[in-house]
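Residues in the sequence shown are numbered from 138 upward in steps of one, following the numbering used here. Cβ atoms here follow ideal geometry from the backbone N, Cα and C, with glycine treated the same way. All values derive from a computational prediction rather than experimental measurement.
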Amino acid sequence: MPAGKMIRLCKLSGAQVFCALRFVWLGCISFALLLTACGAPAPVPSVPPAPLRVFPTPIPTPAARVLRIGLTRYPDVLDPQRAPLGSEAHVLRLLYEGLTILDARGNVLGGAAERWTLSADGLQMTFYLRADLQRSDGTPVTAREIVSALQRALDPRLEPRTNPLLLYDIKGAAQVDQLNPLARPEEVSKVLNNLGVRAVDDRTLVVTFQKPIGYWHYVAATMALFPADSTSIARDPDYWWARPEGHKGTGAFRLHSIVLHQRIVLVPNANYWRGQPKLDRLELVYFPGGAGLLEAYRRGEIDVASGLSANDVHALDATLQSELVRPPTPLVYALVFQRAQKPFDNKNVRLAFAQAFDREGWVREVFQGMGTAYTRWIPPGIPGAQPAVPGVPAFDPHAAVRTLVNSGYAARDSTAENPRVDCAKLGEIKLTYLDSPVHQTQYQFLAANFTRVFGCPITLEPVTQVTTKIRTPLAVHAYRHAYPHPRDWLALWTCTSAFATSFGYCNKEFDALLARADQERDESRALALYQQAETRLLQDVPAVFTHYGEMVSLIKPYVRGVREHASALDTEWAGEWGAVWLYDVDLTRVPPSYPRQ
Numbered sequence: 138m139p140a141g142k143m144i145r146l147c148k149l150s151g152a153q154v155f156c157a158l159r160f161v162w163l164g165c166i167s168f169a170l171l172l173t174a175c176g177a178p179a180p181v182p183s184v185p186p187a188p189l190r191v192f193p194t195p196i197p198t199p200a201a202r203v204l205r206i207g208l209t210r211y212p213d214v215l216d217p218q219r220a221p222l223g224s225e226a227h228v229l230r231l232l233y234e235g236l237t238i239l240d241a242r243g244n245v246l247g248g249a250a251e252r253w254t255l256s257a258d259g260l261q262m263t264f265y266l267r268a269d270l271q272r273s274d275g276t277p278v279t280a281r282e283i284v285s286a287l288q289r290a291l292d293p294r295l296e297p298r299t300n301p302l303l304l305y306d307i308k309g310a311a312q313v314d315q316l317n318p319l320a321r322p323e324e325v326s327k328v329l330n331n332l333g334v335r336a337v338d339d340r341t342l343v344v345t346f347q348k349p350i351g352y353w354h355y356v357a358a359t360m361a362l363f364p365a366d367s368t369s370i371a372r373d374p375d376y377w378w379a380r381p382e383g384h385k386g387t388g389a390f391r392l393h394s395i396v397l398h399q400r401i402v403l404v405p406n407a408n409y410w411r412g413q414p415k416l417d418r419l420e421l422v423y424f425p426g427g428a429g430l431l432e433a434y435r436r437g438e439i440d441v442a443s444g445l446s447a448n449d450v451h452a453l454d455a456t457l458q459s460e461l462v463r464p465p466t467p468l469v470y471a472l473v474f475q476r477a478q479k480p481f482d483n484k485n486v487r488l489a490f491a492q493a494f495d496r497e498g499w500v501r502e503v504f505q506g507m508g509t510a511y512t513r514w515i516p517p518g519i520p521g522a523q524p525a526v527p528g529v530p531a532f533d534p535h536a537a538v539r540t541l542v543n544s545g546y547a548a549r550d551s552t553a554e555n556p557r558v559d560c561a562k563l564g565e566i567k568l569t570y571l572d573s574p575v576h577q578t579q580y581q582f583l584a585a586n587f588t589r590v591f592g593c594p595i596t597l598e599p600v601t602q603v604t605t606k607i608r609t610p611l612a613v614h615a616y617r618h619a620y621p622h623p624r625d626w627l628a629l630w631t632c633t634s635a636f637a638t639s640f641g642y643c644n645k646e647f648d649a650l651l652a653r654a655d656q657e658r659d660e661s662r663a664l665a666l667y668q669q670a671e672t673r674l675l676q677d678v679p680a681v682f683t684h685y686g687e688m689v690s691l692i693k694p695y696v697r698g699v700r701e702h703a704s705a706l707d708t709e710w711a712g713e714w715g716a717v718w719l720y721d722v723d724l725t726r727v728p729p730s731y732p733r734q
């Protein structure tokens with residue numbers, strides 16, 4: 138893909154190439170500094186004009202079962218084909234379903250499609266839609282609407298878009314995405330109509346791939362395939378999603394009302410194919426940055442508090458500690474080496490730095506105990522993850538020094554009993570990062586950690602503005618998946634990936650293993666190949682994998698189903714990937730403060 142194209146994609150996601158790949162920017166300076174730092178707002182019309190802040194009919198009363206979930210990040214945009222892969226998904230998955238859905242353990246289940254088949258050559262996947270599939274207003278959903286959703290997700294005239302790179306396996310998808318958005322409408326339409334997606338009839342959809350693949354039923358669960366209502370879009374292309382009546386989805390709930398940046402209220406979708414959910418109302422209550430979240434839970438204003446901070450956790454008494462859940466999240470942190478720079482072009486140096494890194498101290502001091510030390514890339518809970526198998530070397534400072542000494546970096550006075558590193562041979566190591574309190578804490582820990590182990594100074598260079606000339610030899614990154622499958626994690630390190638290229642990483646043996654896994658039709662054999670590919674990746678030590686995050690939440694004892702379905706896939710609230718249509722409230726146990734209307 139041309140470099141200019143990658144920059145355009147980056148702009149679409151609002152936070153660089155890596156954010157387009159679902160990266161969480163943590164202040165590292167590298168190829169990502171071509172544009173701006175992560176955290177810059179996406180160019181999304183997230184605040185609609187005042188007339189659009191409307192409410193539909195009153196909430197049905199009395200509502201017997203209300204589940205109020207406290208969250209820390211308000212979604213910017215609720216358009217499935219435009220939303221960034223972040224906090225928007227937790228709302229959209231309640232309103233819509235893709236062709237497939239994923240359960241709390243990462244298993245693929247039928248969504249809009251009741252079944253699917255893969256052709257013998259792996260080049261086509263056929264989905265068969267449910268006969269009773271309807272929108273929340275009772276109108277039927279056809280295969281042609283799924284085709285329209287995919288075309289819209291790739292249409293270069295729609296900016297920003299939900300990461301179109303996820304759809305590049307589809308025949309013709311890259312060609313569509315790389316069209317000039319200013320091209321003539323008839324030219325864009327022609328290429329869109331040649332996309333490898335075809336509705337055979339109302340209930341049959343065929344997706345044709347550019348090469349054999351066996352994992353696309355996972356991609357079929359992502360937001361790009363959510364069938365937004367074309368009539369609502371045509372009526373107001375920019376802000377249709379801001380009006381509750383604009384959402385005529387296929388999910389378990391329908392959107393009732395929105396109070397911007399404060400509350401999103403959902404009620405059951407009476408036309409949901411599984412049947413009406415047990416809850417009478419689901420309220421998503423937002424506490425930006427987490428301010429007031431714990432206090433609201435204590436007062437009984439919310440039933441679930443998700444995304445608690447370390448300060449919140451430290452303030453819990455014994456009673457609230459019993460209501461705490463802390464499953465891992467699909468968020469892995471890594472110190473990525475710049476392979477093009479010395480001394481990290483030497484594998485033994487990378488190995489030594491992995492041995493020198495104090496992961497437990499990193500989690501304790503930098504993340505205040507929120508997370509778990511980890512030496513692998515694919516986190517627990519993702520199919521094919523191997524959390525019990527050692528990854529890159531664990532913390533062993535003495536072994537780290539010996540590794541450097543035995544690799545040609547020994548000082549003149551180094552002995553077998555007292556090995557010492559020659560800092561001049563190691564060379565100057567300067568860590569450049571975007572200046573902020575969070576980044577300063579991280580990089581100061583790194584400098585102190587490696588200086589303490591090797592006895593060599595690490596230079597810190599905070600910058601206030603990013604430039605294309607800055608490349609730090611060791612950069613802090615974090616990654617969160619787009620869909621819970623090992624392919625989504627491993628593809629980031631292929632020789633053609635913009636991320637791997639920016640750090641000078643390329644291993645053709647790894648690429649070959651990943652390609653074999655992608656094309657394997659048998660899922661158990663495919664998982665075994667993905668595991669082999671991850672092992673090969675870790676043998677290269679392309680990064681010091683540090684830890685994975687946690688979803689720290691409080692759940693009231695009268696809430697049914699949420700705690701049981703909290704999983705390692707959750708990113709916004711505990712239980713978000715579970716069977717939400719079965720979630721319930723035990724009304725015999727609710728306190729007097731519980732809502733009766």
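Asked: Which of the three DSSP states, helix, strand or coil, is assigned to Q581?; Found: helix
Asked: Which residue comes first and which comes last in the beta strand (DSSP E) that contains L403?; Found: R400 to P405
Asked: Quick check on E646: does DSSP put it in helix, strand or coil?; Found: helix
Asked: Distance check for D559 and R549, CA to CA, integer angstroms please.; Found: 8 Å
Asked: What does a CB cutoff of less than 8 Å around C593 pick up in its chain, not counting 5 residues either side in sequence?; Found: V558, C560, L563, I566 and F587
Asked: Looking only at C-alpha atoms, which of E713, G243, G429 and D339 sits nearest to T279?; Found: D339
Asked: What three-state label does DSSP hand P599 in the structure shown?; Found: strand
Asked: Between L304 and A361, is the Cβ-Cβ spacing less than 8 Å?; Found: yes
Asked: What separation, rounded to the nearest whole angstrom, lies between the Cα atoms of T578 and D213?; Found: 28 Å
Asked: Would the region 376 to 389 count as touching the region 400 to 414 if we require 3 or more Cβ pairs under 8 Å?; Found: yes
Asked: As an exercise, report each continuous alpha helix (DSSP H) stretch of at least 4 residues that is fully enclosed by the region 285 to 348, in chain order.; Found: 310 to 314 and 322 to 330
Asked: Below 8 Å on the Cβ atoms is my guess for D625 versus H614; work out the distance and round it to an integer in Å.; Found: At roughly 16 Å, the Cβ-Cβ gap does not stay under 8 Å, so D625 and H614 are not in contact.
Asked: Residues in its own chain within less than 6 Å of H384 by CB, not counting five upstream and five downstream?; Found: L232 and L392
Asked: Is the separation between the beta-carbon of D648 and that of C632 shorter than 8 Å?; Found: yes
Asked: Helix, strand or coil: which one does DSSP assign to Q458?; Found: helix
Asked: Among L611, E438 and R463, which residue has its Cα nearest to the Cα of E701?; Found: R463
Asked: Would P679 pass as a contact of W630 if the rule is Cβ separation under 8 Å?; Found: yes
Asked: Under 8 Å, do L468 and A452 count as touching if we go by C-beta distance?; Found: no
Asked: What residue range is occupied by the uninterrupted alpha helix (DSSP H) comprising W353?; Found: W353 to V356
Asked: Given K308, which residues of its chain have a CB within under 8 Å of its CB, disregarding the five upstream and five downstream residues?; Found: L332, G333, T345, F346 and Q347
Asked: Can you have a look at N330 and say buried or exposed, based on whether 16 or more other CB atoms are within 10 angstroms of its CB?; Found: exposed
Asked: Assign H398 to one of two classes, buried (16 or more other C-beta atoms within 10 Å of its C-beta) or exposed (fewer than that).; Found: exposed
Asked: For my contact list, E460 and P729 are in at a C-beta cut-off of 8 Å; report their separation, rounded to the angstrom.; Found: At roughly 18 Å, the Cβ-Cβ gap does not stay under 8 Å, so E460 and P729 are not in contact.
Asked: Ignore the nearest five residues each way along the sequence and tell me which others in D572's own chain have a CB closer than 7 Å to its CB.; Found: P599, V600 and T601
Asked: Compute the Euclidean distance between the alpha carbons of A637 and F481, then round it to the nearest angstrom.; Found: 15 Å
Asked: Checking 8 Å against the spacing of the C-beta atoms, do P530 and L488 come in under that value?; Found: yes
Asked: Do you know offhand how far G426's Cα is from R210's?; Found: 7 Å
Asked: What are the residues that DSSP puts in a beta bridge with W253?; Found: F264
Asked: Closest to A493 by CA distance: which of A537, V356 and V689 is it?; Found: A537
Asked: Of the residues L675, P610, G715 and V689, which one's Cα is nearest the Cα of F640?; Found: P610
Asked: Among residues of its own chain, excluding the 5 on either side of T540, which ones have a beta-carbon nearer than 7 Å to its beta-carbon?; Found: N485, L488, A489 and Q492
Asked: Nearest-angstrom Cα distance between I439 and Q413?; Found: 23 Å
Asked: Looking only at its own chain, which residues have a Cβ that is under 6 Å from the Cβ of P524, when we skip the five neighbours before and after it?; Found: P517
Asked: Under the three-state reduction of DSSP, which class applies to Y720: helix, strand or coil?; Found: coil
Asked: Cα separation between A371 and E324?; Found: 20 Å
Asked: Quick one: grab the DSSP three-state call for G248.; Found: coil
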